[in-house]
Amino acid sequence: MKSLTDVQLISSYLEGNREAFNGLINRYSQSLYKFTYYLVNNKEEAHDIVQESFIKVWKNIKKFDQTKSFKTWIFTITERTAIDFLRKRKNISFSSMDNDESENNFAQSVPDKEPMQDEIFERNENIELVNEVLNMIPIDLKVIMILRHGEEMTFEEIAKVVDKPVNTVKSQYRRTLFTLKEHINSRMHRNSQ
Amino acid sequence: MIKDYNQILPGLEQDIIKKINKLENNRLFVKRITYSSVSLVSLFGIVQYITYIFKAISVSGAFEYVSLPFYDISLITYWKELILSIAESFPFMEFGITLFIAGLFIWSIKNLQVNLTMNKLNI
Chain W
-8 MKSLTDVQLI SSYLEGNREA FNGLINRYSQ SLYKFTYYLV NNKEEAHDIV QESFIKVWKN
52 IKKFDQTKSF KTWIFTITER TAIDFLRKRK NISFSSMDND ESENNFAQSV PDKEPMQDEI
112 FERNENIELV NEVLNMIPID LKVIMILRHG EEMTFEEIAK VVDKPVNTVK SQYRRTLFTL
172 KEHINSRMHR NSQ
Chain D
31 MIKDYNQILP GLEQDIIKKI NKLENNRLFV KRITYSSVSL VSLFGIVQYI TYIFKAISVS
91 GAFEYVSLPF YDISLITYWK ELILSIAESF PFMEFGITLF IAGLFIWSIK NLQVNLTMNK
151 LNI
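Here the protein sequences line up with chains W and D, keeping their order. Numbering-wise, the first sequence is residues -8 to 184 according to this note's numbering. Numbering-wise, the second sequence is residues 31 to 153 according to this note's numbering.
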């Protein structure tokens, strides 16, 4: 199963091999769980969201366009399921950052500088701090950061998942990264004093 | 950052597989019941309609028209009128309905067979 591609597993499942779907679960459940956990900050809720997302995938597997990427499709479904879940929980933060024209003031208030080094995400000692700061940013920006650094997706893939133009994603990513770095640096500076 | 994250909840995969297997078994069970019911009802319908067709043919006199040339061979010369009379008395609509029900029966039996040959049902 491990040597088969996503499309081969889907075709095999549609031909009646029920085990093939388990191969997809095996391949994606852990990364989806990590992604969801970072969005909702709760293990049990992340578990339920991933389970619900796989059920949605299973119900719609016949509709999946096999010329497209399964990975971006499943992440899109999971992202939407998680956002619906947060809406129900009523503590979603992106709406408060959006103005009447649905523009995000958080991202726009930060200067759009040159692409920055993202070494802050690679250093183990920053994990707790990064997580803390990540929880302060709006959900739509958080999704971009997690997909970029957790899943190492390309900007094109992220754009498909969040259904935004690639340039918007790149720009939001740069601005958020800059802000995160500023926050982290100021906190580290404060802690060292 | 996230690469180092290791607080994965145990049993996640198994829970998803169990849940989907359960849903899949339910779906297979419902399909099985539906196809079985359709095949039984259509089989009953075929028997009923075939009986009805025979009755309709005998009441309409189509058998008499068919047997006429055997009594008097000279009636063959009026073959056009004979065929028209048979056609008029033949219950085409009932025959069409019977064919439709027979098609439904074959379709449901075929699907039931496919359903039964799929992975074993674990309810």
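Quick reminder that beta carbons are idealized off the backbone N, C-alpha and C, glycines included. What you are looking at is a predicted structure, and each value in this text was computed from that prediction instead of being measured.
Proximity winner among the options, relative to residue i (alpha-carbon distances)
i: W/Lys50; options: W/Arg80, W/Leu77, W/Arg18 and W/Ile1; result: W/Ile1
i: W/Tyr29; options: W/Glu70, W/Gln(-1), W/Ile52 and W/Met144; result: W/Glu70
i: W/Lys59; options: W/Thr(-4), W/Ser177 and W/Tyr164; result: W/Thr(-4)
i: D/Leu98; options: D/Phe84, D/Ile116, D/Ile83 and D/Lys85; result: D/Ile116
i: W/Ile65; options: W/Ile130, W/Ser44, W/Lys54 and W/Arg80; result: W/Ser44
i: W/Phe61; options: W/Lys151, W/Phe146 and W/Lys(-7); result: W/Lys151
i: W/Val(-2); options: W/Thr67, W/Phe55 and W/Glu35; result: W/Phe55
i: D/Asn29; options: D/Gly91, D/Asn56 and D/Thr64; result: The structure shown has nothing for residue 29 of chain D, since chain D only spans 31 to 153.
i: W/Lys47; options: D/Phe100, D/Gly126, D/Glu54 and D/Ile103; result: D/Glu54
i: W/Leu23; options: W/Glu119, W/Ser177 and W/Thr67; result: W/Thr67
i: W/Arg18; options: W/Lys(-7), W/Val160 and W/Arg78; result: W/Lys(-7)
i: W/Arg80; options: W/Ile52, W/Val31 and W/Lys53; result: W/Val31
i: D/Ile136; options: D/Arg57, D/Ser67 and D/Lys48; result: D/Ser67
i: D/Tyr82; options: D/Ile127, D/Ser138, D/Lys48 and D/Thr147; result: D/Ile127
i: W/Glu6; options: W/Glu123, W/Ile175 and W/Lys53; result: W/Lys53
i: W/Asn33; options: W/Gln57, W/Ser3 and W/Asn126; result: W/Asn126
i: W/His140; options: W/Tyr4, W/Pro156, W/Val157 and W/Tyr164; result: W/Tyr164
i: W/Ala37; options: W/Gly14, W/Tyr4, W/Asp75 and W/Thr63; result: W/Asp75
Span of the alpha helix (DSSP H) around residue i
i: D/Phe100; result: Ala92 to Tyr101
i: W/Glu148; result: Phe146 to Val153
i: W/Lys53; result: Looking at the DSSP string, W/Lys53 is not in any alpha helix (DSSP H), and its letter there is neither H nor E.
i: W/Arg9; result: Here W/Arg9 belongs to no alpha helix (DSSP H), and DSSP marks it neither H nor E.
i: W/Asn182; result: Val157 to Ser183
i: W/Leu0; result: Asp(-3) to Leu5
i: W/Lys(-7); result: Per DSSP, W/Lys(-7) belongs to no alpha helix (DSSP H) and is neither H nor E.
i: W/Met136; result: Ile130 to His140
i: W/Glu70; result: Phe61 to Arg80
Distance CB(residue i)-CB(residue j) smaller than 8 Å
i: W/Ile149; j: W/Leu132; result: no
i: W/Val121; j: W/Ile135; result: no
i: W/Ile40; j: W/Ala11; result: no
i: D/Ile50; j: W/Ser20; result: no
i: W/Ile16; j: D/Glu124; result: no
i: W/Glu173; j: W/Phe26; result: no
i: D/Lys52; j: D/Asn145; result: no
i: D/Ser119; j: D/Ser88; result: no
i: W/Leu77; j: W/Ile130; result: yes
i: W/Phe146; j: W/Val124; result: no
i: D/Leu112; j: D/Tyr95; result: yes
inquiry  = Would you call the stretch 131 to 147 of chain D in contact with the stretch 71 to 91 of chain D, where contact means no fewer than 3 C-beta pairs closer than 8 Å?
reply    = Three or more beta-carbon pairs drawn from the stretch 131 to 147 of chain D and the stretch 71 to 91 of chain D are found closer than 8 Å, and the two stretches are therefore classed as touching.
query = Just checking, does the stretch 172 to 182 of chain W make contact with the stretch 91 to 110 of chain D on the three C-beta pairs under 8 Å criterion?
reply = Per the Cβ contact rule, the stretch 172 to 182 of chain W is not in contact with the stretch 91 to 110 of chain D (fewer than 3 Cβ pairs under 8 Å).
query = At what residue ranges does the stretch 57 to 132 of chain D contain a whole run of the beta strand (DSSP E), taking only runs of 3 or more?
reply = Listed in chain order, there is nothing to give.
query = Quick one: any contact between the stretch 37 to 54 of chain D and the stretch 163 to 170 of chain W, if contact means 3 or more CB pairs under 8 Å?
reply = The answer is no - the stretch 163 to 170 of chain W does not touch the stretch 37 to 54 of chain D, with fewer than three Cβ pairs under 8 Å.
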